[in-house]
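Asks:
Numbering (mature numbering (1 follows the signal peptide of the UniProt record, and there is no 0)), first residue to last: -20 to -1, 1 to 216.
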């Protein structure tokens, strides 16, 4: 079955109701460059029922974090979600906000508790701010970093790691923990957490090319399929 056919079949099985109102519900996708790419959002829009009942708005921003951290040599400093979150939420009333962060938040370095704490704090802060608007929040785990084939580089000075020189176990020792945190996150204001980490990792051969950070179009299809299967669209 082709992936597009899969998307159609998956959503049909969820029986999205034909709303009496023609007003679409608004869904904001807030994230980093993976969201800014728009691939998985475009895949969702390809579904006639989703496009008929939901207005999907892309608020992805390249390089962004919720942790406020940035590599020593990242010039300019990485953008910080909270410098623009209020303006995003002021644009419209959103029924649902997806949050998709993590791959940049550990700044491509070995695991560090302080950086992890900054990420946790950022997620909690974003959830709290969004919830105050009345929107439901859905958290997506970060997608994996493709560390396969990298040479060991654990002897480098700690401030030398960056997206240009990532820690060689950035996925298995760092991003996997960030994904686990999101997968098990509990908060009264979070409607759902969705694991996109493992589905993309399981299909890494088609999901990634030479770029170890950003999924290929096929990887974005996997993300879209995962969202489709895990969201109760009737409840949005």
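For every residue, glycine included, the Cβ atom is placed at its ideal position computed from N, Cα and C.
(1) Which residue comes first and which comes last in the alpha helix (DSSP H) that contains residue 172?
(2) Can you tell me whether residue 15 is buried or exposed? The criterion is at least 16 other CB atoms within 10 Å of its CB, across all chains shown.
(3) Please report the residue range of the alpha helix (DSSP H) in which residue 107 lies.
(4) Runs of 3 residues minimum, wholly inside the region 14 to 100: which ones carry the beta strand (DSSP E) assignment?
(5) Cα separation between residue 149 and residue 90?
(6) Quick one: grab the DSSP three-state call for residue 199.
(7) Tell me the DSSP bridge mates of residue 118?
(8) Let me know the secondary structure DSSP gives residue 228 once reduced to three states.
(9) Are residue 46 and residue 81 closer than 7 Å when you measure CB to CB?
(10) Check whether the Cβ atoms of residue 68 and residue 39 sit closer than 7 Å, and answer yes or no.
(11) Please state whether DSSP places residue 9 in a helix, a strand or coil.
(12) Give the C-beta separation of residue 180 and residue 116 to the nearest angstrom, bearing in mind that I take them to be a contact with Cβ-Cβ under 8 Å.
(13) With H, G and I counted as helix, E and B as strand and the rest as coil, what does DSSP make of residue 186?
(14) Report back the beta-carbon spacing between residue 4 and residue 34 to the nearest angstrom; my notes put them in contact at under 8 Å.
(15) Do residue 125 and residue 155 have their C-beta atoms closer together than 7 Å?
(16) For residue 64, which option in 129, 11 and 86 has the closest C-alpha, if you only look at C-alpha atoms?
(17) What do you reckon, are the CB atoms on residue 163 and residue 206 nearer than 7 Å?
(18) Near residue 60, which residues of its chain fall below 6 Å by C-beta distance, leaving aside the five closest residues on each side in sequence?
Replies: Let me lay it out:
(1) To locate residue 172, count along the chain shown from 1; it is residue 192. Element bounds for residue 172: not the alpha helix (DSSP H) but the beta strand (DSSP E), 170 to 174.
(2) Taking the chain shown and counting its residues from 1, the one referred to as residue 15 is at position 35. Buried, by the Cβ-count rule.
(3) Position 127 of the chain shown, counting from 1, holds the residue named residue 107. First-last of the alpha helix (DSSP H) with residue 107: 93 to 111.
(4) 34 to 40 and 76 to 80
(5) Looking up residue 149 in the chain shown gives position 169. Looking up residue 90 in the chain shown gives position 110. Approximately 7 Å, taken between the alpha carbons.
(6) As a first step, residue 199 must be located in the chain shown, where it is residue number 219. It is helical.
(7) Taking the chain shown and counting its residues from 1, the one referred to as residue 118 is at position 138. Per DSSP, 78 and 172.
(8) Here the chain has residues from -20 to 216 only, and residue 228 is not among them.
(9) Numbered from 1 along the chain shown, position 66 holds the residue referred to as residue 46. Numbered from 1 along the chain shown, position 101 holds the residue referred to as residue 81. Contact: yes.
(10) The sequence position of residue 68 within the chain shown is 88, counting from 1. The sequence position of residue 39 within the chain shown is 59, counting from 1. With respect to residue 39, residue 68 sits close: the two C-beta atoms are nearer than 7 Å.
(11) Along the chain shown, read from residue 1 onward, the residue named residue 9 stands at position 29. Strand at residue 9.
(12) Along the chain shown, one-based indexing puts residue 180 at 200. Along the chain shown, one-based indexing puts residue 116 at 136. Contact flag wrong, Cβ pair sits at about 24 Å.
(13) Start at 1 with the first residue of the chain shown, and residue 186 comes out as number 206. Residue 186: helix per DSSP, three-state reduction.
(14) Residue 4 sits at position 24 when you count from the first residue of the chain shown. Residue 34 sits at position 54 when you count from the first residue of the chain shown. At roughly 6 Å, the Cβ-Cβ gap stays under 8 Å, so residue 4 and residue 34 are in contact.
(15) Taking the chain shown and counting its residues from 1, the one referred to as residue 125 is at position 145. Taking the chain shown and counting its residues from 1, the one referred to as residue 155 is at position 175. Against a cut-off of 7 Å, the Cβ pair of residue 155 and residue 125 comes out as a contact.
(16) By one-based count along the chain shown, residue 64 stands at place 84. For the residues 129, 11 and 86, the minimum Cα distance to residue 64 belongs to 11.
(17) Along the chain shown, one-based indexing puts residue 163 at 183. Along the chain shown, one-based indexing puts residue 206 at 226. No, these two residues do not count as a Cβ contact at 7 Å.
(18) The residue you call residue 60 lines up with position 80 of the chain shown. The residues are 48.
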